[in-house]
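Residue numbers (the numbering used here), protein chains in the order written: chain A, 481 to 695; chain B, 228 to 421. Just so you know, even glycine gets a beta-carbon here, dropped at the ideal spot from N, CA and C.
Encoded structure:
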């Protein structure tokens with residue numbers, strides 16, 4: 481197994497959000513502050529890795545006809561664990577993400593990777609795949625958060641930086657809030673930002689393809 | 228509970244707090260199955276049906292879970308119930324309305340992983356809705372989804388002929404369209420019901 485290639489796949493060429501177009505709901509919904517994005521990204525990273533390992537372990541036992549139901553039960557179990565752990569140790573995150581934590585169960589990235597990768601590959605490779613894809617997802621979330629927060633309300637790192645408790649921290653003010661594009665912090669901003677990001681990705685991939693052909 | 232409160236829930240679910248444009252629930256099928264009006268409407272109708280059914284059944288399941296002190300099993304129980312319901316709908320359609328069954332194809336089992344369905348079940352519990360409110364919220368939420376996906380598919384059919392920047396081909400331009408539609412739907416947020 482080529483781990484370097486897997487890493488590159490997860491981050492760029494097969495990025496779960498920007499190229500495979502999976503997990504759009506959570507990407508657009510929770511990327512309003514740096515804290516939310518990071519928390520969601522790390523939660524998905526952990527769940528994805530664990531479920532990938534588990535499904536790879538069970539891949540020879542699970543009958544083909546009921547595999548989707550089995551995957552969902554495995555994933556739901558891990559999501560419940562993470563949900564309860566967050567409620568106990570990081571209640572601020574649990575409050576601000578709300579219903580989107582249990583909804584990780586139906587995040588297509590996790591089911592998609594289980595179906596496309598973990599049920600055909602070894603445990604080690606699936607674990608690496610989970611980590612790489614999870615990092616790719618987290619990075620996209622963070623880019624969206626930083627962009628929407630900075631241009632929407634003129635802040636950086638809301639919920640984490642700038643003093644105050646976890647989740648309540650105001651973030652570092654880059655420019656006064658009234659000059660920001662309020663639009664970006666609203667649901668509309670989620671659609672537009674993600675659309676623009678995917679467009680940039682398509683442009684970049686097309687360009688590198690052309691370069692390869694020219695050689 | 229009165230008729231007005233039910234009306235408020237319905238209007239909220241269809242317009243002001245539309246599942247797609249305000250809450251981002253169910254975006255995957257919304258973006259995936261909206262290339263043609265026919266399939267979009269079929270999908271919307273199936274989702275509405277499953278959402279209504281899921282709200283009703285999950286309400287019962289939640290009562291049992293709370294009684295048994297198993298509240299933490301909520302997510303697992305709900306997703307299993309929904310998977311079962313979707314399987315049931317699939318078998319029912321296959322037997323009785325085979326045309327719709329073939330039209331929906333692979334997207335039918337995918338309703339299981341539609342976050343709007345699990346979302347509505349969880350939101351019902353979160354908002355402490357009673358049985359009738361839950362069912363009304365489920366069905367009207369589904370109708371909101373149907374409205375959104377129908378309008379979006381109608382726009383998207385025209386997008387095929389649009390001359391957009393090459394990098395925006397396909398998905399990005401669809402997302403921008405959805406964003407503009409969300410902007411239009413924001414106009415409803417001024418709507419006040421009693």
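For the pair residue 302/B and residue 346/B, the Cα-to-Cα distance works out to about 10 Å. For residue 399/B, the uninterrupted alpha helix (DSSP H) segment begins and ends at 398-413. When C-beta distances to chain B are compared with 9 Å, the residues of the segment 648-675 of chain A below that value are 663, 666, 667, 668, 669, 670, 671, 672, 673, 674 and 675, in chain order. Between residue 339/B and residue 313/B a beta carbon distance of about 5 Å is seen, short of the 8 Å cut, so the two are scored as contacting.
Checking the DSSP bridge columns, you'll see residue 635/A partnered with 653/A. Here the alpha carbons of residue 383/B and residue 401/B stand approximately 7 Å from one another.
With the criterion set as a beta carbon lying under 9 Å from some beta carbon of chain A, the members of the segment 399-414 of chain B are 399, 400, 401, 402, 403, 404, 405, 406, 407, 408, 409, 410, 412 and 413, in sequence order. Taking all protein chains in view, the Cβ of residue 329/B is surrounded by fewer than 16 other Cβ atoms within 10 Å, so the residue is classified as exposed.
The C-beta of residue 363/B comes no closer than 7 Å to any C-beta of chain A.
For residue 310/B, the closest Cβ of chain A is nearer than 7 Å. Per DSSP, residue 286/B is one residue of the alpha helix (DSSP H) stretching across 264-294. The continuous alpha helix (DSSP H) containing residue 322/B extends over residues 301-323. Legend: CB atoms of the segment 595-626 of chain A lying less than 8 Å from CB atoms of chain B are not found in any residue.
Counting only residues of its own chain and dropping the five nearest sequence neighbours on each side, residue 608/A has a CB closer than 7 Å to the CB of 483 and 486. Those residues of the segment 359-392 of chain B placed with their C-beta closer than 9 Å to a C-beta in chain A are 392, ordered along the chain. Using a CB distance cut-off of 7 Å, residue 494/A does not count as an interface residue toward chain B. Excluding the 5 residues flanking it on each side, residue 337/B has same chain C-beta neighbours closer than 7 Å at 256, in chain order.
Inclusion of residue 275/B and residue 369/B in the CB contact set at 7 Å is warranted, their separation being smaller than that value.
Within chain A, 553, 556, 557 and 560 have C-beta atoms less than 8 Å from the C-beta of residue 303/B, given in sequence order. Separation of residue 596/A and residue 693/A (C-alpha to C-alpha, rounded to the nearest whole angstrom) is 28 Å. Interface residue (Cβ-Cβ distance to chain B less than 7 Å): residue 508/A is classified as such. Chain A places no beta carbon closer than 7 Å to that of residue 281/B, leaving this residue out of the contacts. Within the segment 491-541 of chain A, the runs of alpha helix (DSSP H) that reach at least 4 residues and sit entirely inside it are, in chain order, 504-509 and 514-538. Inside the segment 554-608 of chain A, DSSP marks whole alpha helix (DSSP H) runs of 4 or more residues at positions 571-577 and 588-593, from first to last along the chain. Contact with chain A is found for residue 340/B, since one of that chain's Cβ atoms lies less than 7 Å from the residue's Cβ.
The C-beta of residue 500/A comes no closer than 7 Å to any C-beta of chain B. For residue 232/B, the enclosing alpha helix (DSSP H) has its first and last residue at 230-238. Within the segment 336-407 of chain B, no complete beta strand (DSSP E) segment of 3 residues or longer occurs.
Judged by their CB atoms, residue 636/A and residue 651/A are nearer to each other than the 7 Å cut-off. The segment 386-394 of chain B and the segment 275-292 of chain B do not touch, with fewer than 3 CB-CB distances between them shorter than 8 Å.
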